[in-house]
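Colleague: Positions in the sequence shown are counted from 1; adding 23 to them yields this note's numbering. Encoded as C-alpha cells, here's the structure I'll be asking about.
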Amino acid sequence: MVAITLRESYSASRNGWSALLLDDKNCKDPYRSKFYDINIVDRVGGGDSFASGLIYGLLRKTNTKEALEFAVAASCLKQTIPGDFNLVSVEEVEKLLKGSASGRVER
Numbered sequence: 024m025v026a027i028t029l030r031e032s033y034s035a036s037r038n039g040w041s042a043l044l045l046d047d048k049n050c051k052d053p054y055r056s057k058f059y060d061i062n063i064v065d066r067v068g069g070g071d072s073f074a075s076g077l078i079y080g081l082l083r084k085t086n087t088k089e090a091l092e093f094a095v096a097a098s099c100l101k102q103t104i105p106g107d108f109n110l111v112s113v114e115e116v117e118k119l120l121k122g123s124a125s126g127r128v129e130r
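Encoded structure:
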C-alpha cells in the first residue's frame, strides 16, 4: 500500500489538499480522496496527522477508501490550528467527512 498527499499552493495561507492511495487489491486505479480548500494556520504537523489518521482509519474503518478519507480530513483540520499537534477529536474529523460537498474547511 502506498499513500501520498497532494498539496496545491495558491498562497501561503490558502492551499488545496487531497491524497492518493494505491493498495494491492486495486493496483491499476489509485483512489483519490475528496479535495479540500484549506485556510492554513500552521502547516507543521499536517503530514504526521495524515499518517496517523491513515493508521487509525486502516484499523477502524471498513475499507481503505474510508481510511484515506479519514486521514485527509484529519490532516486538513490539523492545518487550521497552530502548533505541531493535532488537537482535534475523532468526532470533529467525522463531522468534516459528513460536511458540505464544497470541501471547504471551516474552523
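Every residue, glycine too, gets a C-beta built ideally from N, C-alpha and C.
Closest by CA to P105, which one among G39, Y59, R66?
Modeller: In the sequence shown, counting from the first residue as 1, residue 105 sits at position 82. The residue with the shortest Cα to Cα distance from P105 is R66.
Colleague: Just curious, the alpha helix (DSSP H) that V25 is in, first and last residue?
Modeller: Taking the first residue of the sequence shown as position 1, residue 25 is located at position 2. Counting along the chain, V25 falls outside any alpha helix (DSSP H), though it belongs to the beta strand (DSSP E) covering 25–34.
Colleague: Where do the ends of the beta strand (DSSP E) carrying I61 lie?
Modeller: Along the sequence shown, one-based indexing puts residue 61 at 38. I61 -> beta strand (DSSP E) spans 59–62.
Colleague: So is F93 buried or exposed if we call it buried at 16+ other beta carbons inside 10 Å?
Modeller: Here residue 93 corresponds to residue number 70 of the sequence shown, with the count starting at 1. With 16 or more Cβ atoms within 10 Å of its Cβ, F93 is classed as buried.
Colleague: From the DSSP secondary-structure annotation, give me the bridge partner or partners of Y54.
Modeller: In the sequence shown, counting from the first residue as 1, residue 54 sits at position 31. For Y54, which the question treats as bridged, DSSP gives the partners L44.
Colleague: For the alpha helix (DSSP H) containing L77, name the first residue and the last one.
Modeller: If you number the sequence shown from 1, residue 77 lands on position 54. Run containing L77: 69–83, per the alpha helix (DSSP H) assignment.
Colleague: From M24 to S75, what does the alpha carbon distance come to, in whole angstroms?
Modeller: Numbered from 1 along the sequence shown, position 1 holds the residue referred to as residue 24. Numbered from 1 along the sequence shown, position 52 holds the residue referred to as residue 75. Cα-Cα distance, rounded: 15 Å.
Colleague: If we count the other Cβ atoms within 10 Å of its Cβ and call it buried at 16 or more, is G80 buried or exposed?
Modeller: Start at 1 with the first residue of the sequence shown, and residue 80 comes out as number 57. When all chains shown are included, G80 counts as buried.
Colleague: When you compare each of I61, T28, D47 to S34 by their alpha carbons, which one comes out closest?
Modeller: Indexing the sequence shown from 1 puts residue 34 at position 11. The candidate whose alpha carbon is nearest that of S34 is I61.
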